[in-house]
Amino acid sequence: MTTRDGRGSTERGRLVRLGFVDADQASDCIATLSARGFFGAEDRFDDAWLEALGQVANPDQALLSLMAIVLALPDDQTQELGAQVDTTMVQRLVAVLGASRALGDFLSRHPAQIDALGAASLQLTMDQRRSTLLEAVGADPMVVGPVTTLPVRAANHALRIEYKRQLLQIAAADVADHAPMPWVGEQLADLASAALETALAIARSEVDDSHLCRLTIMGMGKTGGRELNYISDVDVIFVAEPEDGATEEQALRIGTALATAVIRNCGEANAEGSLWEVDAALRPEGKSGALVRTLASHTAYYQRWASTWEFQALLKSRWVAGDRPLAVEYLNNMAPMVWAAASRPDFVSNARAMRRRVEETIPAAQVERQLKLGPGGLRDVEFSVQLLQLVHGRDDFRLRSSTTLSALEALSTYGFVGRDDAAELDRAYQFLRTLEHRIQLVDLRRTHIVPEATDELRAIGRSMGFVTDPAKELVTAWRGHQREVRRLHEKLFYRPLLDAVARLEPGSARLTLEAAQARLVALGFADPAGALRQIEALTSGISRRATVQKALLPVMLSWFADSPDPDAGLLAFRQVSDALGSTPWYLRLLRDEGAAAERMARVLGSSVYASDLLLRAPDATVMFGDDDELAPAEPDVLLSEATAIVARQQDSNAAIVAIRGLRRRELLRTSIGDVLGQLSVNQVCTAVSTVADVVVEASLQAAIREIETRTGAALPTRIAVIGMGRFGGRELGYGSDADVMFVHDPLPGVDEEVAGRVALDVANELTRLLAAPAPDPPLLIDANLRPEGKQGPLVRSLASYASYYARWSLVWESQALLRAAPVAGDRELGEQFITLINPMRYPEEGLSIEDEREIRRIKARVETERLPRGTDPKLHLKLGPGGLADVEWTVQLLQLKHGFAVEGLRTTSTLEALEAAADEGLITREDANVLSLAWRRATHLRNVVMLTKGKAADALPTLATDQAKLAQLLTRGESTGGEVIEGYLRVTRRARAVVERVFYG
Amino acid sequence: MDKQTEFVLRTLEERDIRFVRLWFTDVLGFLKSVAVAPAELEAAFSEGIGFDGSAIQGFARVSESDMLARPDPSTFQVLPWRGESNGVARMFCEILMPDGSPSYADPRFVLQRALSKAADLGFTFYTHPEIEFYLLDQAPGEGRTPKPVDSGSYFDHTPNGVGHDFRREAITMLEAMGISVEFSHHEAGPGQNEIDLRYADALTTADNIMTFRLVIKEVALEQGVYATFMPKPFAQHPGSGMHTHLSLFEGDRNAFYEAGAEYQLSKTGRSFIAGLLRHAPEITAVTNQWVNSYKRLSGGGEAPSYVCWGHNNRSALVRVPMYKPQKDQSTRVEYRGLDSAANPYLAYALLLEAGLKGIQEGYELPAGADDDVWALSDAERRVMGIEPLPTSLDEAIKVMEKSELVAQTLGEHVFDVFLRNKRAEFDAYRSQVTQWELDTDLPVL
């Protein structure tokens, strides 16, 4: 510092302005370099240096590296080196040093290599790269099958130095000369193939008789696509054929030895480090397959065995090293198969599975900072472009490029992807790849994670031209591009489908109808022609609705494609849209609330039941707009709404139509929550039961009013409706009937017979109203559990029940009464009824031995008799082994035996009673858990069957396709139908074992 | 696989193969076959051949009878007994559902699932069966008493014996089909023979056993005799077992071997045996699946009726063969319960899962039995904690019904179908009046 006194402070200020973080350290460095004579006798550390340093990614780092290089030299060479460096070289040198610590280290080991930066052009052809690398190891580039003349160790050393030298040039072109990203990828791929050629030349010197084998190395992945990273695995496939006079066995043996040596020569680290890993895992049969195969063997494999993703990988296949004519043959053999891949029967399901895999393979913690994997990552872009190439490339040669960006350009030029979308995606992809390059360049480390530390972000930001606040600007730009890429599927796959059916000016490139259909099939639509009709109907015209739908449909199509039944979903959407027309709130809902449209698409594509309810009154679409809308309604609120309807509508028929509309609305609400996975089984049962309570209560009021009007007098009796079975237990499913009993109690002084007749009229009216034809689904009232069943009177008075039960009462009736609970009508009467039956259902001292045996006997008979013919009992959710009936009867037997003593058992809820029995030790906790799980699983599946098929069914579907749909709704594609069935059978088998023990004893 | 495919296609041409039989196995272990012309093979490879599964024991319910059979090219073989030209070849198949997912009814898939579970734990499972069978003078017919072809006994070399020629012919044919034979000899009973197959991974072995049974029957037919794998065709002679040697490998290392341990048997090996023993009763209905199987088990001699293990003890259910120095890789255990009429896919899957359970849960191996267990009194056996195996199919079914291990291994579908079928078999048997009853009761009652 002493020599620069007086200049220090201004220089320090300049350094800070140029972007040095530690100006003192920088000053020291400059002083040291000066003292060593690097800047020449005149001390030429001038503006050229300063300006150059001010533009690099990390000036501090650049200066430190420069010092390290100089300190590694003897004094005299320092000056020599300094003299060599002209202005162009200064810029390139500091730019590389500022962007890459690793290349700085390389130069400090080999300062003489700095001259590489002096070249007028940093671009080399593939042949030039190949020649220089081969010559570096003493091999003759002009002969076929060059062999190194150096010993293996020395050759590998020389290979690494020449490789790094050229890498240095590419990096300089990238960061100093601002070469475009695709150029960098091409040069890196060429360098990699030259290195493979050289590694092969070294291998030939290691393997005996290497001339007997024609070995070619096919580049795959990014190497094949000529879009390589600075550092990543280099994907290859080896193909070998015998030279004339050699046998196939010899060729394979030698080829395998050569390939193994190539992999070692590239991957093994020595004093100069390694190049990269050579990865041959994309070969037939992957890691377990033979490393080297003959051409015929490759061809046969792809003809017979390869799955869709392997063809996708072949899209990028390209000769990179070794025997070139063989590579040409290889490509000629593969091409027809690759382009036929999209017509394979399993293409769609494979493509779906692959997309899931791409999205699932990242640890959640890294998702935010990942460039490569995950939704909207680089891999997703590459994957999607390849998928489109496979779908459309068969008929259109112009799409067959192995490079992502040129393929994207071709897709756009020929109308398979929208022009603006493609341009935007191109920009985003280039940005993200450049970012990836710059991150990797720092330490030449294979990483795809954006760093978090501000100083690292700052350096990378500077290297990409952000100056004001590099770290922050970089992150903002990155997030922006990421957002664009996240909407990739919409842009690439779906938006062009709209153009296919739109009336555009003639001549403009767009998807043909055939291509659109091919694409729809690839996306999982079973009826592409129908789907196109819906798309056309939804988007044609210039109405506001068509405009909004045009904007929204691409993303909605992607949601439909992910659901169990894309065709049904799209059709239902069109119907809703037709029904609602240009209703302002509907358009607003679609336009403003992304979540609403997504929910609607998922529900319509998953549930026939919910779609059907929605189409009965499309106004309910409003529910998709709000989370709160999907929570089950409060019972009180519902009841007052229903009561108000009855009060308002004097005509009971009209009242009941409105009441049933209310029920439909609530069932829709519940089924939407169910499909979206927001409600548990218990919540669904409770919600459906609550609606039934309210509907029966309101209908009873309407029926009473009707009868009172007809007779012209107030009702001479009190009436209550008692829920039985699942209704009483508050366990109703979507398709359940309402099991009830009617009880009445004549007012004081009224003739019992007169009162009875009126009560019967009320009950009949109630049943009629709820079953009458109307736009909304009926609630069927079933009173067959009453005393004497169908033969008995529909309505009895409390006194009649009392005398009946006192005289007759059979044990199965007691059992049925276990689930009796008042649901509507006179509350006090309901309580009186319960008081009356309590001694019946919770008999003092439990069951007699005879009664217990009787219950078991009835159950055993029911098991064999009640099953519908031709049903597989195992798949019957209600009556099958370990199914609902098994669990319920077991619990009910415990209730009958112990209800009088154990308060907790006196409940109509199966699960509550089971819990109480376990608390009391009447059943082991383990057994109770097994039963509870089986009951919940069967109940859930029964609901899901209703949701998917729209028809109530007590059995699981037997067709594999139906089972697959069920599985997709249940597990979002995690499991196959077979696995879901297997799981159900396992749970119920265990439950059956418990039933055998606990119930049958 | 790929070399094999080339071989398949080339061979079809070169050998002028007119039919390819696609083989699969029903739940009881009966071989099923669909013949296709070579031209249809391409479709069969990519999509499978559709067939009506409802006709196959345990495959499908009527409503979903459409199933697919997709051949496994690594199992391609020309059938040698069909002559050199206009030949017939076979491949084993996977059974698939119409949507391409594997069928839970396919016994081969049962074994594949068990093997992939073992693979997840780092193990490969090898088996080596010793298959016994009888040669009878003619095919069974009503009222005919079966007669063995000779009256030889263990290791007898009968001059001009049918059995001798028979074994030579059979072995030639097996070798022609790529099935290596380790050993063959006359067994203890008259007309009884034993042929030992070379050890291989369990799936290959099971395929080989299916092939073996057919080859033996075909060769017998050619020589005018009848071969049977019935577990116990003669009350007075020993039954036909299928003792199987089992070993687990971790990579290239035999996981049962440990230098210096007792019998050179590793902790893994000991736990595996403990697993076999603890679960032996519940898997017996599968390893010994016929009413007749239990006649063999209770017949004394070398048939194991009791759950115990021993070192070179020929009356024990599990035997640890003598360790031969320098043969670390051949450390193995022999399960002696199996009989020759078992479904090899299901039986091997269960033996593997029972052993793995022992390993995973670290079962302790009980003390070995050195005595002839048959010679012990009931009380002695009780004291030593030696339990009997189920003594009848009925008993075996009842134990199996309660077994979580068997249900999980077989899958719920096969588990259920198998039990139903076996219950029906036992019910049918129970309603019979046997010759023995007539002989002993009729004269005196």
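Protein chains in written order, with numbering that gives the first Met the number 0: chain H, 0 to 1000; chain E, 0 to 444.
We put the CB at the ideal spot given by N, CA and C, even for glycine.
Bear in mind that the values here come from a model prediction, so they are computed numbers and not experimental data.
Asked	Found
Residues of the stretch 83 to 103 of chain E whose Cβ lies closer than 8 Å to any Cβ of chain H, in chain order	M96, P97, D98, G99, S100, P101, S102, Y103
M176/E beta carbon less than 9 Å from that of P79/E	yes
Where L678/H falls, given that 16 or more other Cβ within 10 Å makes a residue buried	buried
Contacts of D415/E in chain H (Cβ-Cβ under 7 Å)	K873
Cβ pair count under 8 Å reaching 3, the stretch 400 to 416 of chain H against the stretch 64 to 75 of chain H	no
Inter-stretch contact (C-beta, 8 Å, three-pair minimum) for the stretch 279 to 287 of chain E and the stretch 377 to 392 of chain E	yes
Sequence ranges, alpha helix (DSSP H) only - wholly within the stretch 138 to 216 of chain E, length at least 4	161 to 175
Contact list for L984/H against chain E, beta-carbon separation under 8 Å	E411, H412, D415
Where the alpha helix (DSSP H) through M336/H begins and ends	323 to 339
As assigned by DSSP and simplified to three states, the class of G791/H	coil
Bridge partners - R252/E, DSSP secondary structure assignment	E249/E
Among L227/H, S847/H, G920/H, Q127/H, nearest to T433/H - alpha-carbon criterion	L227/H
C-beta contact flag for I721/H and V687/H at 9 Å	no
Below-9 Å beta-carbon distance, S292/E vs any chain H residue	no
Supposed contact pair E301/E and R318/E - C-beta distance, whole angstroms, cut 8 Å	With a Cβ gap of about 10 Å, R318/E and E301/E do not count as contacting.
Residue range of the unbroken alpha helix (DSSP H) whose run includes P280/E	266 to 286
Simplified DSSP state of L30/E, which is helix, strand or coil	strand
Exposure label - S296/H; buried when at least 16 CB within 10 Å	buried
Proximity below 9 Å, CB of L968/H to CB of S605/H	yes
Simplified DSSP assignment, three categories, for R129/H	helix
Under 9 Å (Cβ pairs) to chain H, residues found in the stretch 397 to 409 of chain E	E400, K401, E403, A406, Q407
Where R282/H falls: helix, strand or coil (DSSP)	coil
Whole alpha helix (DSSP H) elements within the stretch 360 to 389 of chain E, 4-residue minimum	377 to 382
Straight-line gap, V997/H to E424/E (C-alpha atoms, nearest Å)	28 Å
DSSP-derived helix/strand/coil call for Y125/E	strand
Neighbour-count burial assignment, Q831/H, 16 or more Cβ in a 10 Å radius	buried
Listed by chain order, chain H residues near F44/E by CB distance under 7 Å	R303
Residues of its chain near L910/H, where Cβ-Cβ distance is below 8 Å and the 5 sequence neighbours each way are ignored	N681, S931, W934, R935
Under 8 Å (Cβ pairs) to chain E, residues found in the stretch 239 to 265 of chain H	none
Where D4/H sits in the DSSP three-state scheme	Reliability fails at D4/H, whose pLDDT of 43 lies under 50, so the model's placement of it is uncertain and no value is given.
Simplified DSSP state of H269/H, which is helix, strand or coil	Note that residue 269/H is Asn in the sequence shown, not His. Reduced to three states, the DSSP call for N269/H is strand.
L247/E vs F271/E beta-carbon contact at 9 Å	yes
Length of the line joining the Cα atoms of L797/H and E902/H	25 Å
Residues from the stretch 965 to 982 of chain H in contact with chain E, defined by Cβ distance under 9 Å	T975, G976, G977, E978, I980, E981, G982
Span of the beta strand (DSSP E) around D51/E	48 to 51
Chain E contact residues for A963/H, given Cβ-Cβ distances below 7 Å	D98
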